[in-house]
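Numbering (our numbering), first residue to last: 105 to 375. Taking it in order: structure first as structure tokens, then the write-up.
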């Protein structure tokens, strides 16, 4: 991967192809490899896959708003003032693309948000147990005791899929060891810091123009957020074009890459 330094943050990326630029942002606990199958299926255009893990692993925590500013500065280096870009994001990365769209305005020609994280996400989590687990993660004894139960193991496996950080086989951590748990625990810690310190009300007040070229794709069986939450979030992000995926979960770019790439091709064909 290539590297560009934006202020004091190094951003890694891959850039392939020719033509209009499409930017891909992965989820908070994901990795750029999550996009491989989707990007390989796309037939034309430049594909810029950004590794945003450095925004979460930086020595000092970086707020959501600051992350948006860094990414806008980064993306301007890849296009001329006259060129437009396409934004595609998954989960937390999708919400970052909303922030980028709000900053760049008409420079964004097409926009796809896949299972976008709602603003103020902790209030929107559909499962009370998951909210509780995010609370006790700071207590190692409590977490490991919980993990000994069948119920606990299933939830830690779910967190392992969500915050896989590029570890494990086929993006699923099958066995937790101390190193993997430490990395995941750090990711969760940063996620909670961002979720609790960001001024989400200011983002909720952002007015984004409703565009037919802004689509939201979401899985009907997502274990994090409900369909109603996704639909409300989509409208705020400037979309009334919904693509529900029956039986789909939160990791659609891994479980349904063909569907995602075909949906992108349909959208790119729109003027």
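Quick reminder that beta carbons are idealized off the backbone N, C-alpha and C, glycines included.
Unbroken beta strand (DSSP E) run spanning residue i, endpoints
| i | result |
| --- | --- |
| residue 194 | 189-194 |
| residue 306 | It is not in any beta strand (DSSP E) - residue 306 instead sits in the alpha helix (DSSP H) that spans 304-308. |
| residue 118 | 113-120 |
| residue 128 | 125-129 |
| residue 217 | 212-218 |
| residue 312 | Premise fails: residue 312 is in no beta strand (DSSP E) and is neither H nor E. |
| residue 108 | 106-110 |
| residue 346 | 345-349 |
Residues near residue i by beta carbon distance below 6 Å, same chain, minus five either side
| i | result |
| --- | --- |
| residue 315 | 342 |
| residue 118 | 105, 153 |
| residue 230 | 329, 330 |
| residue 178 | 110, 115 |
| residue 168 | 298, 302 |
| residue 107 | 114, 116 |
| residue 166 | 159 |
Span of the alpha helix (DSSP H) around residue i
| i | result |
| --- | --- |
| residue 358 | 356-359 |
| residue 339 | 331-340 |
8 Å Cβ shell around residue i - same chain, five flanking residues per side excluded
| i | result |
| --- | --- |
| residue 319 | 215, 216, 217, 343, 345, 346, 347, 367, 371 |
| residue 207 | 172, 173, 176 |
| residue 304 | 223, 224 |
| residue 333 | 222, 228, 230 |
| residue 340 | 223, 308, 312 |
Test: residue i CB closer than 9 Å to a CB of chain D
| i | result |
| --- | --- |
| residue 313 | Here chain D cannot be found, since the structure has a single protein chain. |
Distance CB(residue i)-CB(residue j) smaller than 9 Å
| i | j | result |
| --- | --- | --- |
| residue 156 | residue 171 | yes |
| residue 129 | residue 192 | yes |
| residue 293 | residue 327 | no |
| residue 291 | residue 225 | no |
| residue 365 | residue 141 | yes |
| residue 369 | residue 147 | yes |
| residue 149 | residue 194 | no |
| residue 356 | residue 219 | yes |
| residue 158 | residue 317 | no |
Sequence-distant residues of its chain with Cβ nearer than 7 Å to residue i (five each side left out)
| i | result |
| --- | --- |
| residue 360 | 349, 352 |
| residue 211 | 188, 189 |
| residue 144 | none |
| residue 325 | 351, 352, 353 |
| residue 160 | 132, 291, 294 |
Exposure of residue i, with buried meaning 16 or more beta-carbon neighbours within 10 Å
| i | result |
| --- | --- |
| residue 123 | exposed |
| residue 374 | exposed |
| residue 151 | buried |
| residue 311 | exposed |
| residue 199 | buried |
| residue 138 | buried |
| residue 163 | exposed |
| residue 306 | exposed |
| residue 337 | buried |
| residue 323 | buried |
| residue 197 | buried |
| residue 253 | exposed |
| residue 203 | buried |
* What residue ranges within the region 140-171 form continuous beta strand (DSSP E) runs of no fewer than 3 residues, ordered along the chain? -> Taking only runs of at least 3 residues, the beta strand (DSSP E) segments lying wholly in the region 140-171 are 150-155.
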